[in-house]
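Numbering-wise, full-length UniProt numbering puts 30 at position 30 of the sequence shown, and it's gapless, one number per residue. Glycine included, each C-beta is placed from N, C-alpha and C at the ideal position.
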Amino acid sequence: MLNIVLFGPPGAGKGTQAEKLQEKYGILHLSTGEVIRGEIGRGTELGKLAAEQMEGGKLASDELVLGIIAKYIEEHKSAPGVIFDGFPRTLPQAEAFDRMLDEAGTKVTVMLALEVPDEVVTERILTRGKTSGRADDQSIDTIRNRIEVYKKQTAVVADYYKKAGKFRSVDGVGTIDEIFGRLCAAIDALR
Ligand code: AP5
């Protein structure tokens, strides 16, 4: 299985690139943010809880997110691979994820980390916010807070994969196709 953790700050291009990688490599794409937004949109109990937790750009709880991941792994045991977009986002999530994959008889192949400066991601999110309708794209304070949360709680997850020898840094500035080419080169170098 080709299990890719696609990593990077808010607005780094994870979702955009995951769609293209999914098509090229014939693997699945799981965005925890998309799953949570779906739950919020449908007004489920999980969605209501997540919306409270995420107010102002904060993370949803590890417990809530790990529940989503456990269900997904169980339902997709025979998949040829998965791009995990936006997960894991904390150290406890990364540790629990390894245990879950181990039980399912698989493991993370690689973390691909998109490196994009704050000012570029802020601009991208502000541009998307005009049409996306995403609650967390609307205010500059929430966008700044998401970037701060990434630095304080999420960036450390890269160190976890560095220690495991699975970390690959990818320049996330340039055209969508240029960045896609870099990601593909990093994946193909693993084979
Ligand atoms: P999530 O949905 O994961 O959002 P995010 O990490 O903030 O990332 P974005 O979706 O904003 O950006 P992206 O990197 O996917 O970039 P995109 O391709 O869209 O999470 C949302 C929230 O859910 C979190 O804040 C948290 O509360 C909660 N959550 C999710 N997972 C969680 C977890 N594991 N634990 C706890 N909480 C969790 O691109 C951005 C824009 O730029 C687009 O408009 C795109 O068209 C454009 N663009 C992309 N590439 C380029 C380029 N090369 N040049 C110009 N424009 C570009």
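- Per DSSP, the continuous alpha helix (DSSP H) segment holding I187 begins and ends at I176 to D188.
- Residue state for R89 is assigned as coil, using DSSP reduced to three classes.
- Measuring C-alpha to C-alpha distances from A155 to each of L49, A94, M1 and L190 identifies A94 as the nearest.
- Between the C-alpha atoms of R146 and G15 there is a straight-line separation of about 16 Å.
- Relative to K166, the option among V108, E178, T122 and T142 whose CA is nearest is V108.
- Nearest Cα to G57 within the set M100, T90, P10 and T44: P10.
- Closer than 7 Å to some heavy atom of the ligand AP5: that does not describe the Cβ of R191.
- About 7 Å separates the CB atoms of V157 and R89; that is less than 8 Å, so the two are in contact.
- I140 sits exposed, since fewer than 16 C-beta atoms from the chains shown fall within 10 Å of its C-beta.
- In chain order, M1 and N3 place their CB closer than 7 Å to the CB of T106, counting only its own chain and leaving out the 5 sequence neighbours on each side.
- G86 counts as buried, since no fewer than 16 other beta carbons sit within 10 angstroms of its beta carbon.
- Here I27 carries a coil assignment [DSSP, helix/strand/coil].
- Uninterrupted beta strand (DSSP E) stretches at least 3 residues long and entirely within the stretch 83 to 154 occur at 110 to 115, given in chain order.
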